[in-house]
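Undergrad: These protein sequence lines map, in sequence, to chains B and C.
Plus 171 on top of the position in the first sequence (first one is 1) and you've got the numbering used here.
Plus 114 on top of the position in the second sequence (first one is 1) and you've got the numbering used here.
Below is a structure I'd like to ask you about.
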Amino acid sequence: MDYKYIEQLLERYWECQTTLEEEAILRKFFAQDDLPASLLPYRDIFAAEAEMAEEHLSDNFEQQLMQRIGARQEQATPCRTITLGQRLQPFYRAAAIVAIVLTIGMAAQQGFDANEQEDAQSQLTEVSATGDTLQLFTDMPEASPKAEAVLTTSASDTIIIQ
Amino acid sequence: MKTLDFHTDILPMKDRLFRLALSITLDRTEAEDITQETLVRVWERRKEWPQIENIQAWCMTIARRLALDAVEKAKIHAEREAEVADYQRSAISSPAPADEALDRRQRVEAVRRLISQLPEVQRTIIELRDIEGLRYDEIAQLTGISETQVKVYLHRARKKIREQL
Numbered sequence: 172m173d174y175k176y177i178e179q180l181l182e183r184y185w186e187c188q189t190t191l192e193e194e195a196i197l198r199k200f201f202a203q204d205d206l207p208a209s210l211l212p213y214r215d216i217f218a219a220e221a222e223m224a225e226e227h228l229s230d231n232f233e234q235q236l237m238q239r240i241g242a243r244q245e246q247a248t249p250c251r252t253i254t255l256g257q258r259l260q261p262f263y264r265a266a267a268i269v270a271i272v273l274t275i276g277m278a279a280q281q282g283f284d285a286n287e288q289e290d291a292q293s294q295l296t297e298v299s300a301t302g303d304t305l306q307l308f309t310d311m312p313e314a315s316p317k318a319e320a321v322l323t324t325s326a327s328d329t330i331i332i333q
Numbered sequence: 115m116k117t118l119d120f121h122t123d124i125l126p127m128k129d130r131l132f133r134l135a136l137s138i139t140l141d142r143t144e145a146e147d148i149t150q151e152t153l154v155r156v157w158e159r160r161k162e163w164p165q166i167e168n169i170q171a172w173c174m175t176i177a178r179r180l181a182l183d184a185v186e187k188a189k190i191h192a193e194r195e196a197e198v199a200d201y202q203r204s205a206i207s208s209p210a211p212a213d214e215a216l217d218r219r220q221r222v223e224a225v226r227r228l229i230s231q232l233p234e235v236q237r238t239i240i241e242l243r244d245i246e247g248l249r250y251d252e253i254a255q256l257t258g259i260s261e262t263q264v265k266v267y268l269h270r271a272r273k274k275i276r277e278q279l
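In C-alpha cells, the structure reads:
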C-alpha cells in the first residue's frame with residue numbers, strides 16, 4: 172500500500188498547513204490497527220488526542236447546573252403575595268393624579284372666566300363713567316347760560332324787589 | 115435572526131467547555147466548576163445572545179477566562195511549572211525507554227502528559243484545533259491573538275510533541 176499521500180499530509184500537518192478535512196483524514200488513518208512501522212510513532216499522538224476528545228463531565232452535572240440556575244431565577248424574581256388592593260394601587264394612583272389635574276384645571280378655568288368677566292365689567296364701568304364725564308363736560312356749556320340766566324333772573328328779581 | 119435556546123443551543127457545548135477548562139487547569143473538579151460557572155454566566159447574560167455572532171466562541175471565551183483566573187488564583191501555575199521542571203530533569207537524567215518496552219497504553223499516556231506539560235497557550239491551541247476541530251480564525255478570536263500567531267504556537271506545540279516521541 173502506498174502511504175505517500177499520508178506522509179505528505181503528515182508533513183503539512185507538522186507545518187500547520189493542513190485543512191480541518193485533511194486533519195480528519197489523518198485521524199481516521201491513524202485510528203487503524205494495521206499501520207506501517209514508519210508511521211507507528213505518530214499513532215500515539217492521534218490516539219492521545221482521540222482520548223482527550225472523549226473527556227466529558229460527570230453524569231449529574233446537568234442536574235446540578237439546572238438546580239443552580241433555578242435558584243438564581245427564584246432569587247432574581249422573589250415570589251410575594253399581594254392583595255387585589257395592592258395590585259390595583261397603580262390604577263388608583265393614576266386616577267388620583269387625573270382627578271387632581273382635572274380639579275386644578277377646572278379651578279383655573281373658573282378663575283380665568285371670573286377674571287375675564289370682572290375685566291369686562293370694569294371696562295364697561297370705565298366706559299360709562301367716561302361717558303358721564305363726557306356728558307358732564309358736554310352739559311357744562313349748556314348749564315352755564317342757564318346759571319347765568321338764573322343769576323340774571325335773580326338779579327332782575329332783586330332789582331324788582333328793590 | 116435565530117432565537118437561541120439554553121437547552122438546545124448552549125447546553126450541548128458543556129463537554130467542549132469542560133475539555134477547554136480541563137486543558138487549562140489540568141484539574142477535573144476545577145474544570146467542572148468552571149464549566150458550571152460559565153454556563154450560569156451565559157444563562158444570566160441571555161439578553162445578549164441575539165447580538166452575539168458566534169455563541170460557541172463567546173461561551174468558550176468565558177470558560178477560558180474563568181479557567182485562567184482559577185489557575186492564577188490557586189497558584190496552580192507555579193506548581194505546574196515545578197512539575198514541568200521535574201519532568202524535564204528526569205527526562206534528561208533517564209532517557210525514555212524504547213517504544214517497544216512500553217505498551218500502547220503507556221505511550222498514549224505519555225503523549226497526554228507531554229501535551230499537559232506544554233505552555234498554557236500552546237495547550238489551549240492544541241485543544242481547540244486538534245481536539246475540538248476549530249478553524250484558525252475561530253481560535254484567533256477566542257484567544258485574542260492573530261491567526262499567524264495561532265499557527266506559530268500550534269507549530270511549536272506539535273513539533274515539541276513529535277520530538278519527544
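Glycine is no exception: its CB is placed at the ideal position from the N, C-alpha and C atoms.
Mark THR152(C) as exposed unless 16 or more other C-beta atoms lie within 10 angstroms of its C-beta, in which case mark it buried.
TA: Within the second sequence, residue 152(C) is the residue found at index 38, counting from 1. Burial call: buried.
Undergrad: Note down the Cα distance separating ARG130(C) from GLN238(B), rounded to an integer number of angstroms.
TA: Walking along the second sequence from the start, residue 130(C) turns up at place 16. Walking along the first sequence from the start, residue 238(B) turns up at place 67. Going by the C-alpha atoms only, they are around 21 Å apart.
Undergrad: Taking beta-carbon pairs under 8 Å, can you tell me which members of the stretch 222-233 of chain B lie near chain C?
TA: Taking 8 Å as the Cβ-Cβ cut-off against chain C, the residues of the stretch 222-233 of chain B that qualify are GLU222, MET223, ALA224, GLU226, HIS227, LEU228, SER229, PHE232, GLU233.
Undergrad: If you count every other CB in all the chains shown that lies within 10 Å of the CB of ILE253(C), and 16 or more means buried, which is it?
TA: Taking the second sequence and counting its residues from 1, the one referred to as residue 253(C) is at position 139. Buried is the call here.
Undergrad: Excluding the 5 residues preceding and the 5 following ILE166(C) in the sequence, name in chain order all residues of the same chain whose CB lies nearer than 6 Å to its CB.
TA: Position 52 of the second sequence, counted from the first residue, corresponds to residue 166(C). Excluding residues within five positions, the ones whose Cβ falls inside 6 Å are TRP172.
Undergrad: Does ILE177(B) have its Cβ less than 7 Å from a Cβ in chain C?
TA: Working through the first sequence from its first residue, we reach residue 177(B) at position 6. Not one chain C Cβ lies under 7 Å of ILE177(B).
Undergrad: Measuring CB atoms only, is the stretch 232-245 of chain C touching the stretch 131-140 of chain C, in the sense that at least three cross pairs come out at less than 8 Å?
TA: The stretch 232-245 of chain C, when compared against the stretch 131-140 of chain C, does touch it at the 8 Å Cβ threshold.
Undergrad: Is ALA208(B) helix, strand or coil when you go by DSSP?
TA: For the purposes of this step, residue 208(B) is taken as the residue at position 37 of the first sequence. Three-state result, ALA208(B): coil.
Undergrad: Could you check how far apart the C-beta atoms of ARG249(C) and LEU191(B) are, in whole angstroms? I think they sit under 8 Å.
TA: What you label residue 249(C) is simply residue 135 of the second sequence in a count that begins at 1. What you label residue 191(B) is simply residue 20 of the first sequence in a count that begins at 1. Indeed they touch by this definition, with Cβ atoms about 7 Å apart.
Undergrad: Please list, in chain order, the residues of the stretch 145-165 of chain C that have any C-beta partner in chain A closer than 8 Å.
TA: The structure shown contains no chain A; its protein chains are B and C.
Undergrad: Counting contacts by CB-CB distance shorter than 7 Å, is ALA202(B) in contact with chain C?
TA: Counting from one through the first sequence, the residue named residue 202(B) turns up at place 31. It does not; no Cβ of chain C falls within 7 Å.
Undergrad: Taking the beta carbon of ILE271(B) as the centre, do at least 16 other beta carbons fall within 10 Å, making it buried, or is it exposed?
TA: Your numbering for residue 271(B) matches position 100 in the first sequence. Exposed.
Undergrad: Under a CB-based cut-off of 7 Å, is ARG183(B) close to chain C?
TA: By one-based count along the first sequence, residue 183(B) stands at place 12. By this cut-off, ARG183(B) is not an interface position.
Undergrad: Give a single yes or no on whether THR122(C) has its beta carbon closer than 6 Å to a heavy atom of the ligand GTP.
TA: Ligands in the displayed structure: none, and consequently the ligand GTP is not present.
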